[in-house]
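Engineer: Submitted below is the structure of interest, expressed as structure tokens.
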Amino acid sequence: MATGIDRSAMEGLRCTERHATTLRLFSEPSAADSAAALSPQMTLAEFFREYFWPVCLVARGAAPRNIQQYRESIAYWRKFTLDPPLALIDDFTCAQFVRELAQVTGLKKGATLSPNTIRKHCFHAQTVLDAAGPKSRHNRKGTGLLPDVPWIERPRQRKKDVTEVFTLDEIARILTACAAAKTPQQRRTGVEPAQWWRSLFEFDYNTGMRIGTLSALEYAWLRHDEQYASMVMDIPAGRAYKRGDAHKIPLNAAAVAAVERIRTDRVRIFPWPHTESWLHETRRRILRQAGLPRERQFGFHGVRRLHGTKMARINPIAGRKSLGHSNPKTFEDCYVGSSLWTEALDELPQPTP
1097 MATGIDRSAM EGLRCTERHA TTLRLFSEPS AADSAAALSP QMTLAEFFRE
1147 YFWPVCLVAR GAAPRNIQQY RESIAYWRKF TLDPPLALID DFTCAQFVRE
1197 LAQVTGLKKG ATLSPNTIRK HCFHAQTVLD AAGPKSRHNR KGTGLLPDVP
1247 WIERPRQRKK DVTEVFTLDE IARILTACAA AKTPQQRRTG VEPAQWWRSL
1297 FEFDYNTGMR IGTLSALEYA WLRHDEQYAS MVMDIPAGRA YKRGDAHKIP
1347 LNAAAVAAVE RIRTDRVRIF PWPHTESWLH ETRRRILRQA GLPRERQFGF
1397 HGVRRLHGTK MARINPIAGR KSLGHSNPKT FEDCYVGSSL WTEALDELPQ
1447 PTP
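This is the structure we're talking about:
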């Protein structure tokens, strides 16, 4: 029975969540020729490569981001458990995995991975492990390699108020502070840096798009759509959108004006010819120039959450559609700021004696 691992073997295996993508497991999936090639003597990492990745992820068209997250979780499993054969995985192995995850350095200085991040990695490892178990109505991809699958106990989910949300006043101050931007250089984009950043923040506020989507947008996708009776950003499948689906995003007049103001003959709307780290450093400099205290210097998601909060007040259904979340709980828990609640309380009618 696998009852743990040699502590000395763990030296040098710590890694931060920020650099989890550097944990290289495989470059490509390698599907087994048949179910007969699968064995309880395979390790979880081998089973992931030979079966789960090609059959359960690639075959159903999983997004590259989702596949990468599974790879990171399995890489952690391989590092922290020394990846025993499937037949030897037991409750002690699973507990070892969770304990080691709890000691991984997180994004914030001096912090470890949050309980929710640990839950994510446990969920991914459990899902792969379940596929080695018996086939059933709820486990249609089960291979039957294991008669009984161990359960990975995970920490309780932590819920917190959505606090990292800019205010409209802060956005206005940020737009003014864009005048201090020095990059991206005009000779690289054809647009003055100040105008580039101002248009980015204005467009972000009016659409709520993720920064990854914003950086990939092309002018060719901007067109008028009869269904929406407005201008839309018609994103093709596999391009820019998180899930990889083709997606139309209606635009209001302010969003259209923001991108038309910086139109040149370039293909991308917001080209960034520098590193990703410099993009965020330039953003932080703008926020400091705007006079925002450190605790209010949020990332681009702070703009996305403000968009979600304002849209929720106008029309919750439109807000969910705008951010691409059909689940009301995800929308409310992750994107709607607490200010919506307090604003509603301020408008609550009061009885008159």
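Position one of the sequence shown corresponds to residue 1097 (my numbering), numbered consecutively onward.
All C-beta atoms in this analysis are idealised placements derived from N, C-alpha and C, irrespective of residue type, glycine included.
1) List the endpoints of the continuous beta strand (DSSP E) containing ILE1170.
2) Quick check: the Cα distance between LEU1402 and GLY1433, rounded to an integer number of angstroms?
3) Pick from ALA1221, PHE1193, ARG1233, PHE1297: whose alpha carbon is nearest that of ARG1167?
4) Taking 8 Å as the limit between beta carbons, can you name the residues of its chain near SER1326, skipping five residues before and five after?
5) Considering just the uninterrupted stretch of the alpha helix (DSSP H) at VAL1224, what are its terminal residues?
6) Can you tell which of ALA1277, SER1435, GLY1415, ILE1248 has its C-alpha closest to the C-alpha of ASP1187?
7) Counting only the same chain and skipping the five closest in sequence on each side, list residues whose C-beta sits under 8 Å from that of ILE1214.
8) Would you kindly work out how many angstroms separate the C-alpha atoms of MET1138 and LYS1175, rounded to a whole number?
9) Between the Cα of ALA1159 and the Cα atoms of THR1378, PHE1366, ALA1333, LEU1436, which residue gives the shortest distance?
10) If we call anything under 8 Å between Cβ atoms a contact, is TRP1293 one with ILE1382?
11) Hey, how far is the Cα of THR1161 from the Cα of THR1303?
12) In three-state DSSP terms, what is ARG1362?
13) Going by DSSP, which residues form a beta bridge with MET1329?
14) Compute the distance between the beta-carbons of LEU1313 and PHE1297, then report whether it is under 8 Å.
15) If you draw a straight line from the alpha carbon of GLY1202 to that of ASN1212, how long is it in whole angstroms?
16) Check each candidate in GLN1281, ALA1227, ASP1442 and name the one with the smallest Cα separation from TYR1147.
17) Does the beta-carbon distance from THR1378 to GLY1286 come in below 8 Å?
18) Report yes if the CB atom of SER1210 is closer than 8 Å to the CB atom of ARG1254, and no otherwise.
19) Applying the 10 Å Cβ sphere with the 16-neighbour rule, what's the burial state of THR1118?
20) Nearest-angstrom Cα distance between CYS1190 and TYR1315?
21) Thinking C-alpha only, which one of VAL1328, ALA1277, THR1405, TRP1173 is nearest TRP1374?
22) Express the C-alpha separation of ASP1330 and VAL1399 in angstroms, rounding to a whole number.
23) How long is the line joining the alpha carbons of THR1259 and GLU1142, rounded to whole angstroms?
24) For the alpha helix (DSSP H) holding CYS1190, just list the boundary residues, first then last.
25) Roughly how many whole angstroms lie between the Cα atoms of TRP1173 and HIS1217?
26) Please state whether DSSP places SER1435 in a helix, a strand or coil.
27) Can you grab the Cα-Cα spacing for the pair GLY1238 / PRO1230, in whole Å?
28) Just checking my contact of LEU1140 with VAL1224 at CB under 8 Å: how many whole Å lie between their CB atoms?
29) Taking LEU1318 and LEU1241 to be in contact with their CB atoms under 8 Å, please state how far apart those CB atoms are, rounded to whole angstroms.
30) Relative to the alpha-carbon of ILE1307, which residue among VAL1261, ALA1273, ASP1341, HIS1376 has its alpha-carbon at the smallest distance?
31) For a quick check, are the C-beta atoms of SER1295 and VAL1352 less than 8 Å apart?
32) From what residue to what residue does the alpha helix (DSSP H) around GLY1308 run?
Structural biologist: From the atom records:
1) Against the sequence shown, residue 1170 aligns to sequence position 74. ILE1170 -> not in any beta strand (DSSP E); alpha helix (DSSP H) instead, spanning 1160–1177.
2) Residue mapping note: residue 1402 aligns to position 306 of the sequence shown, counting from 1. Residue mapping note: residue 1433 aligns to position 337 of the sequence shown, counting from 1. Roughly 7 Å separates the two Cα atoms.
3) In the sequence shown, counting from the first residue as 1, residue 1167 sits at position 71. Out of ALA1221, PHE1193, ARG1233, PHE1297, ALA1221 has the C-alpha closest to the C-alpha of ARG1167.
4) Stepping through the sequence shown from its first residue, residue 1326 is reached at position 230. If we look at SER1326 and ignore the five residues flanking it on each side, its Cβ neighbours are HIS1320, PRO1346, LEU1347, ASN1348.
5) Here residue 1224 corresponds to residue number 128 of the sequence shown, with the count starting at 1. It spans 1211–1226 - the alpha helix (DSSP H) in which VAL1224 sits, taken as one unbroken run.
6) Position 91 of the sequence shown holds residue 1187. Per the Cα distances, ILE1248.
7) Within the sequence shown, the letter at position 118 stands for residue 1214. Around ILE1214: VAL1194, LEU1197, ALA1198, ARG1250, PRO1251.
8) On the sequence shown, residue 1138 is found 42 positions in, with the first residue counted as 1. On the sequence shown, residue 1175 is found 79 positions in, with the first residue counted as 1. Cα to Cα, MET1138 sits roughly 16 Å from LYS1175.
9) Working through the sequence shown from its first residue, we reach residue 1159 at position 63. For ALA1159, the nearest C-alpha among the options comes from ALA1333.
10) The sequence position of residue 1293 within the sequence shown is 197, counting from 1. The sequence position of residue 1382 within the sequence shown is 286, counting from 1. Their beta carbons are under 8 Å apart, which means TRP1293 touches ILE1382 by this criterion.
11) Here residue 1161 refers to the residue found at position 65 when the sequence shown is read from its first residue. Here residue 1303 refers to the residue found at position 207 when the sequence shown is read from its first residue. The sequence shown places Arg at residue 1161, rather than the Thr named in the question. Looking at the two C-alpha atoms, the distance is approximately 22 Å.
12) The residue given as residue 1362 occupies position 266 in the sequence shown. In the structure shown, ARG1362 sits in coil (DSSP, three-state: anything other than H, G, I, E or B).
13) For the purposes of this step, residue 1329 is taken as the residue at position 233 of the sequence shown. According to DSSP, which records beta bridges pairwise, MET1329 is partnered with LEU1318, ILE1345.
14) As a first step, residue 1313 must be located in the sequence shown, where it is residue number 217. As a first step, residue 1297 must be located in the sequence shown, where it is residue number 201. Not in contact: LEU1313 and PHE1297 (Cβ atoms no closer than 8 Å).
15) Against the sequence shown, residue 1202 aligns to sequence position 106. Against the sequence shown, residue 1212 aligns to sequence position 116. Between GLY1202 and ASN1212, the C-alpha separation is close to 12 Å.
16) Looking up residue 1147 in the sequence shown gives position 51. Ranking GLN1281, ALA1227, ASP1442 by Cα distance to TYR1147 puts ALA1227 first.
17) Numbered from 1 along the sequence shown, position 282 holds the residue referred to as residue 1378. Numbered from 1 along the sequence shown, position 190 holds the residue referred to as residue 1286. No, Cβ-Cβ distance for THR1378 and GLY1286 is not below 8 Å.
18) Position 114 of the sequence shown, counted from the start, is the residue given in the question as residue 1210. Position 158 of the sequence shown, counted from the start, is the residue given in the question as residue 1254. Their beta carbons are under 8 Å apart, which means SER1210 touches ARG1254 by this criterion.
19) Here residue 1118 is taken as the residue at index 22 of the sequence shown, counted from 1. A caution first: THR1118 carries a pLDDT of 42, below 50, which makes its placement in the model unreliable, though a value can still be read off. Classification of THR1118: exposed, given that the 10 Å Cβ count is below 16.
20) Here residue 1190 is taken as the residue at index 94 of the sequence shown, counted from 1. Here residue 1315 is taken as the residue at index 219 of the sequence shown, counted from 1. So the alpha carbons of these two residues sit roughly 49 Å apart.
21) Taking the sequence shown and counting its residues from 1, the one referred to as residue 1374 is at position 278. Looking at the Cα atoms, ALA1277 is the closest of the given residues.
22) Here residue 1399 corresponds to residue number 303 of the sequence shown, with the count starting at 1. Here residue 1330 corresponds to residue number 234 of the sequence shown, with the count starting at 1. Approximately 22 Å between the Cα atoms of the pair.
23) Translated into positions along the sequence shown, residue 1259 becomes position 163. Translated into positions along the sequence shown, residue 1142 becomes position 46. For THR1259 and GLU1142, the distance between alpha carbons rounds to 41 Å.
24) Taking the sequence shown and counting its residues from 1, one reaches residue 1190 at position 94. Taken as a continuous stretch (DSSP letters only), the alpha helix (DSSP H) holding CYS1190 covers 1187–1197.
25) As a first step, residue 1173 is located in the sequence shown; it is residue number 77 there, counting from the start. As a first step, residue 1217 is located in the sequence shown; it is residue number 121 there, counting from the start. Answer to the nearest angstrom: the Cα atoms are 9 Å apart.
26) Working through the sequence shown from its first residue, we reach residue 1435 at position 339. SER1435 falls in the helix class under three-state DSSP.
27) On the sequence shown, position 142 is the one that residue 1238 refers to. On the sequence shown, position 134 is the one that residue 1230 refers to. Approximately 5 Å between the Cα atoms of the pair.
28) For the purposes of this step, residue 1140 is taken as residue 44 along the sequence shown, with counting starting at 1. For the purposes of this step, residue 1224 is taken as residue 128 along the sequence shown, with counting starting at 1. Contact flag correct, Cβ pair sits at about 6 Å.
29) One-based indexing of the sequence shown puts residue 1318 at position 222. One-based indexing of the sequence shown puts residue 1241 at position 145. About 51 Å separates the two Cβ atoms, so there is no contact after all.
30) Your numbering for residue 1307 matches position 211 in the sequence shown. Here the closest residue by C-alpha is HIS1376.
31) On the sequence shown, position 199 is the one that residue 1295 refers to. On the sequence shown, position 256 is the one that residue 1352 refers to. No.
32) Reading the sequence shown from its first residue, position 212 is the one you call residue 1308. Its alpha helix (DSSP H) spans residues 1307–1310.
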